[in-house]
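Read through the structure below, which is laid out as structure tokens, and then see the notes.
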Amino acid sequence: MTISTPRPESTAETSAEGIPTAAPAPEPAPDVAAYVAAEVAADGEVTLAVTDGVARVTLNRPAAGNALTTGQRDALLGWFARFNADPAVRAVVLASTGRFFCTGADLRQQRSGPPRPDGAPEKIVGDIRRAMSTGGINVVHAILDCEKPVIAAVQGTAAGIGAHLALACDLVVAAREAKFVEVFARRGLAVDGLGTWLLPRLVGLARARELVLLAEDITAARAVEIGLIARAVPAEELAATVDELAARIAAGPTRAHGANKWLLNRSLDTDRRTLAQEEAWVVEALSYSVDADEGVRSFVERRPTRFRGF
Numbered sequence: 001m002t003i004s005t006p007r008p009e010s011t012a013e014t015s016a017e018g019i020p021t022a023a024p025a026p027e028p029a030p031d032v033a034a035y036v037a038a039e040v041a042a043d044g045e046v047t048l049a050v051t052d053g054v055a056r057v058t059l060n061r062p063a064a065g066n067a068l069t070t071g072q073r074d075a076l077l078g079w080f081a082r083f084n085a086d087p088a089v090r091a092v093v094l095a096s097t098g099r100f101f102c103t104g105a106d107l108r109q110q111r112s113g114p115p116r117p118d119g120a121p122e123k124i125v126g127d128i129r130r131a132m133s134t135g136g137i138n139v140v141h142a143i144l145d146c147e148k149p150v151i152a153a154v155q156g157t158a159a160g161i162g163a164h165l166a167l168a169c170d171l172v173v174a175a176r177e178a179k180f181v182e183v184f185a186r187r188g189l190a191v192d193g194l195g196t197w198l199l200p201r202l203v204g205l206a207r208a209r210e211l212v213l214l215a216e217d218i219t220a221a222r223a224v225e226i227g228l229i230a231r232a233v234p235a236e237e238l239a240a241t242v243d244e245l246a247a248r249i250a251a252g253p254t255r256a257h258g259a260n261k262w263l264l265n266r267s268l269d270t271d272r273r274t275l276a277q278e279e280a281w282v283v284e285a286l287s288y289s290v291d292a293d294e295g296v297r298s299f300v301e302r303r304p305t306r307f308r309g310f
């Protein structure tokens, strides 16, 4: 069943300039609920369900703390690539089963390299860098580059790259019992999984240093306080909260959401004037979209907006 936000019959209040003072949530278009799909990959260790425009990806290795395997990684990369091109997917939820969200990469399940010549050492310069560049970091890239908004539903501890999978999402909603841990210093390791890119952008450089150097458990409430995540809710409200947010986003202007996500991610990597030009081109391009036309028409006609996602 499609979840929608009730809309009042009366017209919206407007400012003196004729601009709505509060934008009610749009109603989902009828075709959003028409597409349903389900898939299982990596021997059931990760699942995908698409309903009402929302793709729900679930890590399913509870006995192993949902530590990320190569099979799960490959499935996630394939699915996120498909989400970009699939107009039936308008929002994505990343979740997991059991007590932990994701405790990091499963280091016991690394792929072996090609045969080595006689006398070659066990480790060759470049091996680890190559494994890192083609490993779980690509899933973080895939989440950041996803053209559809991604919501993380964090029910338990997210550590190492598991934390970065969550923090790469556009909205992170966590149960109050959840914890976020930059665990690397505890293991004598450098941060990986794009943590040194994500953390300063989320909480600033000084706080990022604190998180990395002290490697402390950060509660969900503290994570909200420092701007690391969006919301912390009681555990029993996590699923309903994430479902409501995903439904709202799936009913929204999908192309505008994707463009705004891209601009925001670009904002700290480019200068002001370059971003101004990119913003202007994006605004012009989106002005020709079906949803932009619908947004203007619905306002003029004083009726609920029904975005279609293109």
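If you read the sequence shown in the working numbering, its first letter stands for residue 1, the second for the next number, and so on. Note that beta-carbon positions come from the ideal geometry of N, C-alpha and C, so glycine has one too. Computed from a predicted structure; not experimentally measured.
For residue i, tell me which candidate among the options has the shortest Cα-Cα distance.
{"i": "serine 267", "options": "Glu279, His257, Gly258", "result": "Glu279"}
{"i": "valine 191", "options": "His164, Val203, Lys179", "result": "His164"}
{"i": "alanine 256", "options": "Trp281, Asp106, Thr134", "result": "Trp281"}
{"i": "tryptophan 262", "options": "Gly135, Gly44, His141, Gly126", "result": "His141"}
{"i": "cysteine 169", "options": "Asp269, Asn265, Ala251", "result": "Asn265"}
{"i": "proline 87", "options": "Tyr288, Phe100, Thr254, Ala276", "result": "Thr254"}
{"i": "arginine 186", "options": "Trp79, Gly160, Phe101", "result": "Gly160"}
{"i": "alanine 215", "options": "Ala49, Leu189, Ile226, Ala230", "result": "Leu189"}
{"i": "alanine 105", "options": "Leu59, Ile143, Arg116, Arg99", "result": "Leu59"}
{"i": "alanine 158", "options": "Ile229, Thr305, Val300", "result": "Ile229"}
Buried or exposed: which applies to residue i, given that a residue is buried once 16 or more other Cβ atoms fall within 10 Å of its Cβ?
{"i": "aspartate 291", "result": "buried"}
{"i": "arginine 73", "result": "buried"}
{"i": "arginine 90", "result": "buried"}
{"i": "isoleucine 128", "result": "exposed"}
{"i": "leucine 199", "result": "buried"}
{"i": "aspartate 217", "result": "exposed"}
{"i": "glycine 156", "result": "buried"}
{"i": "phenylalanine 310", "result": "exposed"}
{"i": "threonine 270", "result": "exposed"}
{"i": "arginine 302", "result": "exposed"}
{"i": "glutamate 45", "result": "buried"}
{"i": "valine 242", "result": "buried"}
{"i": "glycine 162", "result": "buried"}
{"i": "glutamate 182", "result": "buried"}
{"i": "leucine 238", "result": "buried"}
{"i": "isoleucine 124", "result": "exposed"}
{"i": "arginine 272", "result": "exposed"}
From the DSSP output, in three-state form, read off residue i for me.
{"i": "valine 89", "result": "coil"}
{"i": "aspartate 217", "result": "strand"}
{"i": "glutamate 39", "result": "strand"}
{"i": "phenylalanine 101", "result": "coil"}
{"i": "lysine 123", "result": "coil"}
{"i": "alanine 22", "result": "Any reading at alanine 22 must be qualified, since the residue scores a pLDDT of 44, below 50, and its modelled position is unreliable; the value itself is stated next. In this structure, alanine 22 counts as coil in the three-state DSSP scheme."}
{"i": "alanine 250", "result": "helix"}
{"i": "phenylalanine 80", "result": "helix"}
{"i": "leucine 107", "result": "coil"}
{"i": "threonine 69", "result": "coil"}
{"i": "arginine 297", "result": "helix"}
{"i": "arginine 186", "result": "helix"}
{"i": "leucine 59", "result": "strand"}
{"i": "threonine 51", "result": "strand"}
{"i": "serine 96", "result": "strand"}
{"i": "arginine 176", "result": "coil"}
Alpha carbon to alpha carbon, what distance is there between residue j and residue i?
{"i": "glycine 193", "j": "threonine 69", "result": "14 Å"}
{"i": "glutamate 147", "j": "alanine 95", "result": "18 Å"}
{"i": "proline 114", "j": "alanine 55", "result": "36 Å"}
{"i": "leucine 76", "j": "isoleucine 151", "result": "15 Å"}
{"i": "leucine 211", "j": "alanine 67", "result": "21 Å"}
{"i": "leucine 275", "j": "threonine 134", "result": "30 Å"}
{"i": "alanine 327", "j": "tyrosine 288", "result": "Because the chain in this structure spans residues 1 to 310, residue 327 falls outside the shown range and cannot be described."}
{"i": "alanine 131", "j": "aspartate 293", "result": "46 Å"}
{"i": "arginine 251", "j": "proline 149", "result": "Here the sequence assigns alanine to residue 251, which means arginine is not the residue at that position. Answer to the nearest angstrom: the Cα atoms are 12 Å apart."}
{"i": "arginine 82", "j": "alanine 38", "result": "14 Å"}
{"i": "leucine 48", "j": "phenylalanine 180", "result": "24 Å"}
{"i": "tryptophan 79", "j": "valine 50", "result": "11 Å"}
{"i": "valine 57", "j": "threonine 97", "result": "11 Å"}
{"i": "phenylalanine 101", "j": "arginine 201", "result": "22 Å"}
{"i": "aspartate 145", "j": "proline 121", "result": "37 Å"}
{"i": "glycine 126", "j": "alanine 85", "result": "34 Å"}
{"i": "alanine 259", "j": "valine 283", "result": "9 Å"}
{"i": "leucine 213", "j": "alanine 64", "result": "26 Å"}
With a cut-off of 8 Å, do at least 3 Cβ pairs link the region 238-249 to the region 191-208? no
Closer than 8 Å is the cut-off here; do at least three beta carbon pairs connect the region 175-182 with the region 223-238? yes
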